[in-house]
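Residue numbers (the UniProt record's numbering): 1 to 125.
Even glycine gets a Cβ: it sits at the ideal position worked out from N, Cα and C.
Everything numeric in this text was worked out from a predicted model, so none of it was measured.
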Amino acid sequence: MGSCVLFGTGTIAQLLLPASGGTKKAYDKHRLFPTNFLKGEPYGHTKGSRANFMCVDYQKNIYISDDDPRVYVKKFKDALGDEACRFTCEENAIPLGFGEMDYLDFLKERRVPMSKVIKDSFSRL
Numbered sequence: 001m002g003s004c005v006l007f008g009t010g011t012i013a014q015l016l017l018p019a020s021g022g023t024k025k026a027y028d029k030h031r032l033f034p035t036n037f038l039k040g041e042p043y044g045h046t047k048g049s050r051a052n053f054m055c056v057d058y059q060k061n062i063y064i065s066d067d068d069p070r071v072y073v074k075k076f077k078d079a080l081g082d083e084a085c086r087f088t089c090e091e092n093a094i095p096l097g098f099g100e101m102d103y104l105d106f107l108k109e110r111r112v113p114m115s116k117v118i119k120d121s122f123s124r125l
């Protein structure tokens, strides 16, 4: 509800506006740990976990591609600075330092802030 786009300057609500996308949607559903990055790993049914999804703008999704989170998070930190990265992660219920986490630890850590955001948002309705 008014959250910033991950590693961006606008809000998720702005990306969802019909006029913001033309013929192509302005946003994509991005896996924080991309499927191709997880290939060959022992994660099985957890690859599609909701905790692994995030709304990002279309161009950033292309830029991230299937990169290892350690690689793309560092690129964004270098470009935006530590404070902006920390802010967008907190806004999007993403644990700080997620790029350095093991995938299963990340899923476990993200569920707590996600449930808080959902609870807080629901109470504002």
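Of the listed residues the options, nearest to residue i (C-alpha basis)
| i | options | result |
| --- | --- | --- |
| Arg-31 | Ser-49, Pro-18, Pro-42, Asp-105 | Ser-49 |
| Asp-82 | Val-71, Asn-92, Leu-96 | Leu-96 |
| Gly-8 | Val-117, Asp-67, Asn-61 | Asn-61 |
| Val-71 | Asp-120, Phe-122, Phe-37 | Phe-37 |
| Gln-59 | Arg-111, Leu-6, Arg-86, Thr-88 | Leu-6 |
| Gly-99 | Ala-51, Lys-74, Thr-88 | Lys-74 |
| Phe-53 | Gly-10, Ala-84, Ala-93, Ser-123 | Ala-93 |
| Asp-68 | Glu-91, Asp-57, Lys-39, Phe-87 | Lys-39 |
Residue i (DSSP reduced to helix, strand or coil)
| i | result |
| --- | --- |
| Lys-39 | coil |
| Met-114 | helix |
| Asp-102 | coil |
| Asp-68 | coil |
| Val-5 | coil |
| Phe-33 | coil |
| Pro-95 | coil |
| Ser-123 | helix |
Beta-carbon separation (whole angstroms), residue i vs residue j, contact threshold 8 Å
| i | j | result |
| --- | --- | --- |
| Cys-55 | Lys-29 | 6 Å |
| Pro-34 | Asp-78 | At roughly 20 Å, the Cβ-Cβ gap does not stay under 8 Å, so Pro-34 and Asp-78 are not in contact. |
DSSP bridge partner residues for residue i (one or two, in chain order)
| i | result |
| --- | --- |
| Cys-55 | Lys-29 |
| Thr-11 | Cys-4 |
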